[in-house]
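Asker:
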Amino acid sequence: MNILRILILFGVFQGVLSIIAINSLPKQNRPANIWLSIFVFFINFNLLQHIIPTYGITKITIRILLNIVFSSYGPVFYLYVNQLIRPSPLPFKKWRLHFIPALCYFVFLVFYLFSQEPSDLFFAISSIGILVHASTYTAKSYWLIQNFKKQVKKIQIYIRYLQTIILLIAVCLSVFLGSLIFKFVTNTSYQEEYLNYDPTLTVLALCNCALGYFLMFNPLIFKYLSTSNEETSLSQAMLKQVLPNKKQIDENELKIWKHQLMQLMEKEKPYLRPRLSLEDLATLMDLDKSTLSKVIHEGFKLNFYDFVNSYRVEYFITLTQNSKYQHYTLLGLAYESGFHAKSTFHKAFKKIKNTTPGAYQMTLSKKRS
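In this text, residue positions in the sequence shown follow the numbering used here: the first is 10, and each later residue adds one.
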């Protein structure tokens, strides 16, 4: 038994232990860990099929399944990263779209491989397609991590963990690309051993080992955690869903969501949309409508419309003091601030400022003079 075979078996063993461990943790981040388990299972399948000999129809079947695994690596890891840093469960309608290419590829392979021997052209197109597909999703995962890194600077352990896995995936893709280039440069035929899989298998085994390392020394990555002011966990920093049986939102969660909502309103100014709805704002926050409604009600002591109109009123006041808008009428400024009707504007302004827009404007003019 050579060193590579030992490393592969160790990687598979480590992968099995990791799947069992992450799904047995208390307070585990179950939605994210399901995707991680699928990712590790794919790695194990890839590793095992290289050391277990197959023949005939079994070999063709394994080849089809292996190609489906290759085309699913990227989407599965991307969905894992997305679920880890934004743990609101993804609806089936959203995540299933990522696997349409793999499904189409599967149907094609079934008809193609069972009807004829694959050619060099088929190998080239398939390999390049899989490589581009996996690289695209790896890049998407990387940018997702980078954006998360900018938002939550304190959670370095999660960043290191994700960056380590991303690096190993990038190395694996680079090795695969190098093998492809070597294959075509040397003009090796499809029927021969055209690729040296040893480096790729080594990196895949190291992925499982890296996962085992983080699982052993930083198991909190795979859980939902409580936090203090000094130490913020990933789950609470980005958590987007409250369990349906909760009557009230946890104080820490409320504080985080309230801060995120205020940042969204100040930076993106969604209140300038005249037809902004609770559902629209919930989509921007990656929350369900009922949770967002609770955040606004419990965090700001307002209903949705009063909350949005409060920002519109303040924006209206800002515009009245801007020289660029001095030629606008009050109603024109109201429309610029996101109001879509005169009556709504006057009613909201009086409710928030306890006076009419005209009277408020006159008061400001007197103060300036």
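Ideal Cβ positions, reconstructed from N, Cα and C, are used throughout, including at glycine.
None of the values given here were measured: they were computed from a predicted structure.
What residue does the alpha helix (DSSP H) around Asp259 start on, and which one ends it?
Answerer: Neither: Asp259 is in no alpha helix (DSSP H) and is coded neither H nor E.
Asker: May I have the straight-line CA-CA distance separating Asn38 from Ile15, to the nearest angstrom?
Answerer: One C-alpha to the other measures close to 32 Å.
Asker: Under a three-way DSSP split, which group does Phe325 fall into?
Answerer: DSSP places Phe325 in helix when its eight states are reduced to three.
Asker: According to the neighbour-count rule (16 or more other Cβ atoms, all chains shown, within 10 Å of its Cβ), is Val119 buried or exposed?
Answerer: It is exposed - the Cβ of Val119 has fewer than 16 other Cβ atoms within 10 Å.
Asker: Considering only C-alpha positions, which residue in the set Glu307, Leu182, Ile154, Val25 is nearest to Ala143?
Answerer: Measuring from the Cα of Ala143, the nearest candidate turns out to be Leu182.
Asker: Cβ atoms of Tyr87 and Gln149: under 8 Å apart, would you say?
Answerer: Note that residue 149 is Lys in the sequence shown here, rather than Gln. In contact: Lys149 and Tyr87 (Cβ atoms closer than 8 Å).
Asker: What are the boundary residues of the alpha helix (DSSP H) that includes Arg284?
Answerer: From DSSP, Arg284 is part of no alpha helix (DSSP H); its letter is neither H nor E.
Asker: Can you have a look at Glu5 and say buried or exposed, based on whether 16 or more other CB atoms are within 10 angstroms of its CB?
Answerer: In the structure as shown, the chain starts at 10 and stops at 378, and residue 5 therefore has no counterpart that could be examined.
Asker: What is the residue span of the alpha helix (DSSP H) that Pro40 lies within?
Answerer: From DSSP, the alpha helix (DSSP H) with Pro40 extends over 39-58.
Asker: Taking only the alpha-carbon atoms, compute the straight-line gap between Ser33 and Leu75 and give it to the nearest angstrom.
Answerer: In a straight line, the C-alpha of Ser33 is about 28 Å away from that of Leu75.
Asker: Would you say Leu93 and Ala41 are within 8 Å of each other, going by their C-beta atoms?
Answerer: Yes, the pair counts as a contact, with Cβ atoms nearer than the cut-off.
Asker: Can you give the Cα-Cα distance for Leu177 and Pro110, rounded to whole angstroms?
Answerer: Each residue's Cα considered, the two are about 24 Å apart.
Asker: Could you pull out every residue in the same chain whose Cβ sits closer than 6 Å to the Cβ of Trp266, ignoring the five residues on either side in sequence?
Answerer: Val304.
Asker: Please find out if some non-hydrogen atom of the ligand HEM comes closer than 7 Å to the beta-carbon of Phe354.
Answerer: For the ligand HEM, the structure offers nothing, since it holds no ligand at all.
Asker: If you check the beta carbons only, do Asn91 and Leu153 fall under 8 Å apart?
Answerer: Against a cut-off of 8 Å, the Cβ pair of Leu153 and Asn91 comes out as a contact.
Asker: Compute the distance between the beta-carbons of Tyr334 and Leu328, then report whether it is under 8 Å.
Answerer: Yes.
Asker: Express the C-alpha separation of Asn331 and Phe325 in angstroms, rounding to a whole number.
Answerer: Their Cα atoms are separated by approximately 10 Å.
Asker: Exposed or buried, Thr147, counting other C-beta atoms within 10 Å across all chains shown (16 or more means buried)?
Answerer: Classification of Thr147: buried, given that the 10 Å Cβ count is 16 or more.
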